[in-house]
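Everything below concerns the one structure shown next.
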Amino acid sequence: MDDINVSLVIDLYKKPLKTKELSLSQWQKVILVLRHHQLLARYYQRFVETGVFDFLPEYCRHHFINGDVIAQNQKIQVEFEANELVGALKGRVEYLIFLKGAGYSLSDHPVGNGRVYSDIDVLVDKPSIVNVERQLLHHGWMPESVNDYDDKYYRKWAHEIPPMRQSKRGTIIDIHHNIVPPISGRAPNVSALIKEVIHTNDGYAILSPAAMTLHSIVHLFFNEDMKNGYRDLIDIHMFMSKDADINYWRTLLKLAQDTGFEYELFLACRYVTRIFDTEVPDYIIAALAKCEPRNIKLLDFMFTKVLTPVHPYASPSFFLMAEFFILVRGHFLKMPTHILIYHLISKGCISITCALLGKHFFEKELKQP
Amino acid sequence: MVSDFYLDLHPFSFKVTSSIPQVLTNLQTIYGKNLVKYDGQLCSYELSVCKASGVRRIIRPQARFLCDQKEPFKPLSLQKSYAFLEWGMNWTIAANEVQHVIIHSAVLAKGDKAILFPAPPGSGKSTLTAYLAHNGWRLLSDEMALIIPGTKTVVPFVRPICLKNQSIDIAKNLFPDGQFSDIAKDTHKGDVIHLSPPQISWDAGKENAELVGVVFPNYTANTDLQIYQLDKRQAFMQLVDNAFNYSVLRGVGFSTLANVIEGVKTFEIFHNELAEVKDFLEQEVITDG
């Protein structure tokens with residue numbers, strides 16, 4: 010009775026009244042799972058909105074409030090960093106658009122409240138990238154050290170350059186010129202997204218809710234890494250639920266068509282309705298029906314596992330298999346076979362060495378943290 | 002063999018998992034009866050210190066620290082594993098807890114009147130802390146002072162005193178009955194040892210105290226006691242520099258520290274005789290008026 014499972018964690022979000030039924034030792038585990046997925050603040054918001062928060066045991070309220078204070082601070086900090094970036098890059102770029110978490114924080118959409126993330130993602134025009142990198146160096150942003158292989162990977166094949174870290178404040182920025190790696194052959198013409206740029210009251214360029222949704226969907230379903238899958242699916246659910254009028258859905262569908270990500274939109278609608286009972290309009294379902302692949306049963310099996318809050322205390326059966334499947338699938342999506350083979354051999358040699366000699370074999374030992 | 006322990010350290014509690022004998026014996030030495038076998042108790046955080054995998058189990062073995070699934074630090078050599086756990090606990094609180102203003106400072110009290118001793122390593126802060134804790138004062142914390150926002154009230158978070166280099170021998174001479182951990186050699190602060198405070202500090206481990214002073218100690222050999230009243234602005238800025246979560250708490254952090262500084266006596270002292278410092282604190286700082 011003290012154990013928890015993934016559906017319990019999901020149910021707490023869907024039906025906050027369920028919070029009444031949990032024992033303290035279940036809460037202890039739920040809180041670890043939520044902290045692990047950076048969701049304490051997200052659940053806090055949900056519990057406050059639905060009026061159950063004040064009835065939670067003191068133990069839970071304490072941890073949720075910690076999460077909320079940290080998230081609120083991040084929101085303020087991102088506004089500061091955005092201002093710094095705009096100042097540093099003024100006149101040096103054609104456009105500077107804040108994506109994903111940073112974009113949500115700067116927007117007035119509820120998805121920005123309680124969203125926690127580790128990097129600030131921005132989109133700039135490709136010709137300006139070299140300039141941007143140089144300009145940020147002048148403002149104290151240093152390139153993060155990556156190994157030689159990764160650096161080459163970023164610059165040759167990826168849609169972003171290696172991350173840069175602010176040397177004083179420690180914030181990390183990811184600079185993109187597209188939303189998926191050009192090597193995949195799927196990189197859209199960014200102009201379709203640029204058309205969807207809106208400006209916040211403070212003048213920051215972000216994507217419209219429909220375009221943010223699409224980007225989040227592409228990021229989730231055209232990917233091999235599902236570590237934040239559950240958190241991202243909540244974002245998508247929130248976009249599709251809050252003020253999602255006919256204009257929103259039409260724009261989302263049109264954007265997916267224009268950028269070639271209808272299939273990903275189909276998957277997103279399928280799993281967001283399965284996991285969160287999100288209301289997706291029938292005409293969208295109908296328009297996307299043609300995307301249904303032959304192996305849909307297999308995909309259902311895999312995605313419904315990896316899109317859940319996974320933790321040693323709450324892990325779906327066959328999770329490792331599903332995770333591996335998604336990992337392989339994601340790699341095939343992103344790279345043509347010959348590049349993929351080269352990539353896997355290079356990465357494989359590094360991993361085998363680490364497996365044999367210890368995870369941290371290549372790392373220099375510090376005397377103290 | 003992996004063992005789970007429950008460590009009740011008001012106001013936080015930990016489940017500690019470790020397979021390293023050094024960690025377990027030191028935990029018992031330092032925390033005594035605050036450490037019990039884990040049996041489903043409600044705890045704030047789950048921590049583990051375990052051996053690194055691969056050949057590193059045998060050749061130059063290392064310890065890894067995890068807070069739940071998160072590994073905030075790179076591994077350290079195995080002989081530092083207990084100190085690693087202590088630092089890991091500090092990290093866990095500093096990274097997650099934002100409902101107190103947390104200052105990197107020792108805090109000791111006589112009765113319910115407390116003094117903060119924020120000071121950089123090498124200032125002799127921990128030796129002074131250990132001395133006071135063994136001479137009629139109680140330790141609320143050696144490294145993390147927890148202040149309730151908007152007040153001058155400090156919540157105890159009793160933990161061992163962390164002594165470095167020459168202080169280790171001094172402390173071992175001064176407190177022959179002290180409960181000392183093993184020495185963690187060759188850390189970036191040099192050699193480090195942890196000393197459990199006397200029982201009265203543990204017994205009063207849930208009793209808050211009111212701040213009446215902030216004292217910045219400096220150990221200087223061959224110097225008689227010198228006392229300087231510290232300018233409030235300087236004292237404030239030094240507290241800010243030592244606050245772990247000042248930037249996260251923003252306005253609350255600022256107003257709390259400003260309120261503390263305005264309401265207490267602030268001194269900087271230079272000393273080479275611990276007993277003189279104790280007399281000064283008792284006669285000048287914790288008295289009224």
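Residue numbers (the working numbering), protein chains in the order written: chain A, 10 to 378; chain B, 2 to 290.
Even for Gly, the Cβ is constructed at its ideal location relative to N, Cα and C.
Rounded C-alpha distance that separates proline 197 of chain A from tyrosine 280 of chain A = 24 Å
Could you tell me the boundaries of the alpha helix (DSSP H) in which valine 281 of chain A lies?
-> 271-285
Say whether chain A places a C-beta atom closer than 8 Å to the C-beta of aspartate 151 of chain B.
-> Residue identity check: residue 151 of chain B is glycine in the sequence provided, not aspartate. Chain A, which has no Cβ nearer than 8 Å to the Cβ of glycine 151 of chain B, makes this no.
Chain A within 8 Å of valine 17 of chain B, Cβ atoms only | no
Could you give the DSSP three-state label for proline 190 of chain A: helix, strand or coil?
-> coil
N- and C-terminal bounds of the alpha helix (DSSP H) containing glycine 252 of chain B = 252-264
Closest by C-alpha distance to tyrosine 83 of chain B, when choosing among B:Val241, B:Met145, B:Ala185 and B:Ser106 = B:Ala185
To the nearest angstrom, report how far apart lysine 233 of chain B and serine 225 of chain A are at their CA atoms.
-> 50 Å
Since alanine 131 of chain B and phenylalanine 176 of chain B are thought to touch, with beta carbons under 8 Å apart, how far apart are those beta carbons, to the nearest angstrom?
-> 7 Å
Under the three-state reduction of DSSP, which class applies to histidine 340 of chain A: helix, strand or coil?
-> helix
Is it the case that the Cβ atoms of isoleucine 129 of chain A and valine 95 of chain A are separated by a distance below 8 Å?
-> no
Beta carbon proximity, arginine 338 of chain A to chain B, threshold 8 Å = no
Determine which residues of the stretch 32-46 of chain A have a Cβ less than 8 Å from any Cβ of chain B, and write them out in chain order.
-> Leu33, Ser34, Gln37, Leu41, Arg44 and His45
Would you say valine 155 of chain B reaches chain A, if we count a Cβ-Cβ gap shorter than 8 Å as a contact?
-> no
Closer than 8 Å, Cβ to any Cβ of chain A: which residues of the stretch 246-263 of chain B, in chain order?
-> Ser248, Val249, Leu250 and Arg251
Establish whether the CB of tyrosine 68 of chain A and some CB of chain B are separated by less than 8 Å.
-> yes
Interface flag, isoleucine 74 of chain A vs chain B, CB-CB below 8 Å | yes
If you draw a straight line from the alpha carbon of leucine 25 of chain B to that of asparagine 97 of chain B, how long is it in whole angstroms?
-> 25 Å
Going by alpha carbons, who is nearest to leucine 48 of chain A out of A:Lys29, A:Lys236 and A:Glu30?
-> A:Lys236
Determine, using beta-carbon pairs with one atom in the stretch 241-261 of chain B and one in the stretch 65-77 of chain A, whether at least three such pairs fall under 8 Å.
-> no
Thinking valine 156 of chain B and leucine 164 of chain B are a contact (beta carbons under 8 Å), I'd like their distance in whole angstroms, please.
-> Not really, about 24 Å apart at Cβ, beyond 8 Å.
Since proline 102 of chain B is in the beta strand (DSSP E), which residue starts that stretch and which ends it?
-> In the sequence on display, residue 102 of chain B carries valine and not proline. Valine 102 of chain B -> beta strand (DSSP E) spans 102-105.
What is the rounded straight-line gap between the Cα of proline 394 of chain A and the Cα of glycine 179 of chain A?
-> Residue 394 of chain A lies beyond the stretch modelled for chain A, which goes from 10 to 378, so this question has no answer here.
Does the beta carbon of valine 99 of chain B sit closer than 8 Å to a beta carbon anywhere in chain A?
-> yes
Interface residues of chain A around glycine 41 of chain B at Cβ under 8 Å?
-> Asp11 and Ser34
Report back the beta-carbon spacing between isoleucine 104 of chain B and isoleucine 94 of chain B to the nearest angstrom; my notes put them in contact at under 8 Å.
-> Between isoleucine 94 of chain B and isoleucine 104 of chain B the Cβ distance is about 12 Å, and since that is not below 8 Å, they are no contact.
Give the straight-line distance between the Cα atoms of glutamine 80 of chain B and glycine 191 of chain B, rounded to the nearest whole angstrom.
-> 14 Å
For proline 73 of chain B, I'd like the list of residues in its chain whose CB is within less than 8 Å of its CB, leaving aside the five on either flank, ordered along the chain.
-> Phe66, Gly89, Trp92 and Ala96
Using a Cβ cut-off of 8 Å (strictly closer), state whether isoleucine 79 of chain A contacts chain B.
-> yes
Counted within 10 angstroms of its Cβ, other Cβ atoms place isoleucine 350 of chain A as buried (16 or more) or exposed = exposed
Starting from the beta carbon of glutamine 23 of chain B, find every residue of chain A whose beta carbon is closer than 9 Å, and list them in chain order.
-> Ordered by position in chain A, no residue passes the 9 Å Cβ test against glutamine 23 of chain B, which lies about 17 Å from the chain.
If you draw a straight line from the alpha carbon of cysteine 278 of chain A to that of isoleucine 294 of chain A, how long is it in whole angstroms?
-> 8 Å
Residues near lysine 165 of chain A by beta carbon distance below 6 Å, same chain, minus five either side | none
Using DSSP with H/G/I as helix, E/B as strand and the rest coil, what is arginine 51 of chain A?
-> helix
For my contact list, glutamine 227 of chain B and phenylalanine 271 of chain B are in at a C-beta cut-off of 8 Å; report their separation, rounded to the angstrom.
-> 4 Å
Distance between leucine 308 of chain A and leucine 240 of chain B (C-alpha atoms, nearest Å) = 55 Å
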